[in-house]
Amino acid sequence: MSGSEATTREVTLTWRDGRRETVRATEAQTILEAAEARAVGLPFGCRTGACATCTGRVADGRVTHDREPRALKPRHLERGYVLCCIARPRTDCRIEVGADVRTAMVSNPWK
Amino acid sequence: MATEDRHGHSHHEHAHHEHGVEGPGYATPQAAIEESTPEKLAYVAALYTGTDVDASDFVAVVDVDPGSPTYREIVDRIEMPTRGDELHHFGWNACSSSCHVEGLERQYLVIPGNRSSRIHVVDTSDRRHPELVKVIEPEEVHEQDLSGPHTVHCAPGREIMISMLGNADGELPGGFLVLDDDFEIEGRWDAPGEIEFNYDFWYQPRRDVMVSSEWAAPATYQPGFDLEDVEAGKYGHSLHFWNWGDRTVEQTIDLGEEGMIPLEVRFMHNPEVAHGYVNAALSSNIFHFWREDGEYHAEKVIDFEGRDLEGWDMPVPALPTDILLSMDDRYLFGANWLHGEVWMYDVSDPANPRESDSISIGGYFGEIQAVQDRELISGPQMIQLSLDGKRLYWTTSLYSTWDDQFFPEEGERGSVMLKADVDPRRGTMTLDEEFLVDFGNLPDGPARAHEIRWPDGDCTSDVWQ
């Protein structure tokens, strides 16, 4: 591979209802931006890594954050959660997305 | 005593000025009660942020005129240009505190996105069909090292002030952003570092005081509520009393263990009176604060006990998430979101609130769990009262991520807007079972409904000089 092809990654997005979309992310794109470029709607909020609205979970592949993912705690990072607004794929990868992912990350503390 | 604010307005002269002809507001709280006509429209924040519905948040224009053929319907929607805002609290460009300013009208709603930090300006000249006229993008807000816009108040002198809960990274400290009357960012109101936590605020220009409360950094509360964060000291429990003219904190009152997460701060509307209330949401208490002997004091005056729920590890706190004072300052209303209760207390004696009435509805324990066969899948949350004190309305969403934890069906089925008829003379409330606005059956999908505002002023936004 050469030129720009070498720097794009194939990102497969999966939802818990079974939906699946594959988008290509260039080096310049976060997962959220790559999805937006293909008109695939993902939840998002602050776009700076503070609010967790865009939380996804890596099922396969490697992803790095541009900056500290402030909305995620160490225990979330250990379990593979990523913030799609500030995360870039470093390999082809498969990421679970959708509002359910963030919802499942936190629980009712009194229950 | 005549004192001058930084705009040179003499407060003493102002108090005796002829009002009621020019300007955006009412001369006094009593004039607001007597001269206002019943609300015909409500502006209600409605959200899709944090769901898989691929649509922007919007402000719903709700017909609340019983004589209208479209009564109880959403008659227009002002859609935000970008998804992901989490519209939360919003406010007017002008209120009764601006009544000396020529040419100013209560015309523009300033509507921030709490997650996005984007600030929208909506022109409501056509009350039934308002129009988005300006957007301040998040980058401009971040340049001030601020994020997480919350409460919007107009300030004397055409300015608009917004409490900001975090710095540009969504961490502490928060601060205050000032917009000019063209809705351009003027800068920060405060010197960074005066406070760490921020949330709501209310000012009383005649006393040259502003009070602010504390939630948490956006990076803490936005992902959801985590008790570990409480234990780690990441949630606030203090009130700050500011010198309004000097823009500095003169006094901080630590409310302690019983004052965790003090949210809505309400000074009494009468500008002569130095009393107010704040709801400590997490510790389920209402504090009274007042000025005496040259300083402010705060004391817990209402305590809501936790209740056991089968299958839960700990007693469920009431979570009183919103309070307001009636325009005549006689009643304090509030909503206990988790327990499911709308309550009113007589605060004629401000230090000794007396329970007047309540409605047990929605939430985990409410006696009424459906209205017009619409199941209530969340508790009462943001409340708004008519200026004459006779109609109390409420919605049921708190914040998308917190809804998902405590009332997960709220996102799937959407909010409702409900109403009670209030008899201020007898101090009673009656649920109006004819009134229901269902945000669950909208074209794009179910929406969460949050703050309610009236075109001609609110019990939660109007301030008098």
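Chains as they are written, first to last, in our numbering: chain A, 81 to 191; chain B, 874 to 1338.
Even for Gly, the Cβ is constructed at its ideal location relative to N, Cα and C.
Predicted model only: the values in this text are computed from it and were never measured.
- In the three-state reduction of the DSSP assignment, B:Trp1117 falls in the coil class, being assigned neither a helical nor a strand state.
- The shortest C-alpha to C-alpha distance from B:Arg1247 to any of B:Val1289, B:Gly1043, B:Arg1326 and B:Asp925 is the one to B:Val1289.
- Put simply, the backbone Cα of B:Glu1307 is about 10 Å away from that of B:Ala1293.
- The DSSP-derived three-state label of B:Thr1093 is helix.
- Nearest in C-alpha terms to B:Gly1021, of all of B:Pro1144, B:Ser929 and B:Ser1036, is B:Ser1036.
- Near chain A, meaning a CB-to-CB distance below 7 Å, the residues of the stretch 1075-1104 of chain B are Pro1091, Ala1092, Gln1095, Pro1096, Gly1097, Phe1098, Asp1099 and Leu1100.
- For B:Pro1022, the enclosing beta strand (DSSP E) starts and ends at Ser1020 to Cys1027.
- In the DSSP assignment, B:Gly1284 falls within the alpha helix (DSSP H) that extends over Glu1282 to Arg1286.
- Across the structure, B:Leu920 and B:Arg1321 are spaced so that their CA atoms are roughly 5 Å apart.
- Annotated three-state conformation of B:Glu907 is helix, per DSSP.
- In the three-state DSSP reduction, B:His993 falls in the strand class (E or B).
- Listed in chain order, the alpha helix (DSSP H) elements of length 4 or more contained wholly in the stretch 1178-1229 of chain B amount to none.
- The shortest CA-to-CA distance from B:Asp938 to any of B:Gly1235, B:Val926 and B:Ala915 is the one to B:Ala915.
- DSSP places B:Ser1085 inside the beta strand (DSSP E), whose first and last residues are Val1082 to Ser1085.
- Per the DSSP secondary-structure output, B:Ile951 pairs in a beta bridge with B:Val932.
- For A:Val138 and A:Arg174, the gap between their C-alpha atoms comes out near 6 Å.
- At a beta-carbon threshold of 7 Å, none of the residues of chain A lie near B:Gln1017; the nearest stands roughly 14 Å away.
- B:Phe1312 and B:His993 have their alpha carbons spaced roughly 22 Å apart.
- Between B:Met1302 and B:Asp1230, the CB-CB gap stays under 8 Å.
- Annotation for B:Gln1242: Leu1249 place their beta carbon closer than 6 Å to its own, counting only its chain and skipping 5 residues before and after.
- For A:Ala114, the enclosing alpha helix (DSSP H) covers residues Ile111 to Ala117.
- Taking 8 Å as the CB threshold, A:Gly98 stays off the interface with chain B.
- As computed with DSSP, A:Arg155 is found in no beta bridge at all.
- In the DSSP assignment, A:Glu148 falls outside any beta strand (DSSP E), carrying neither H nor E.
- For the 8 Å CB-CB criterion, B:Ser1086 and B:Tyr1072 form a contact.
- Taking CB atoms only, A:Thr94 has no neighbour in chain B less than 8 Å away.
- In the structure shown, the three-state DSSP call for A:Thr183 is helix.
- In terms of CA proximity to B:Thr1269, B:Leu1211 leads the group B:Pro1011, B:Ile1159, B:Trp1337 and B:Leu1211.
- At a beta-carbon threshold of 8 Å, the residues of chain A lying near B:Ser989 are Gly125, Cys126 and Arg127, ordered along the chain.
- For B:Asp1102, the enclosing alpha helix (DSSP H) has its first and last residue at Leu1100 to Glu1104.
- By the rule that beta-carbons nearer than 8 Å mark a contact, A:Thr183 touches chain B.
- Beta bridge pairing from DSSP links B:Gly1039 with B:Ser1020.
- Residues of chain B whose Cβ lies closer than 9 Å to the Cβ of A:Thr133 are, in chain order, Thr922, Gly923, Gly957, Glu959, Arg988, Gln1095, Pro1096, Ser1273 and Thr1274.
- For B:Gln1278, the uninterrupted alpha helix (DSSP H) run begins and ends at Ser1273 to Phe1279, by DSSP.
- Within 8 Å of the CB of A:Gly121, the CB atoms of chain B belong to Asp925, Asp927 and Arg956, in sequence order along the chain.
- Around the CB of B:Asn966, 16 or more other CB atoms lie within 10 Å, so the residue is classed as buried.
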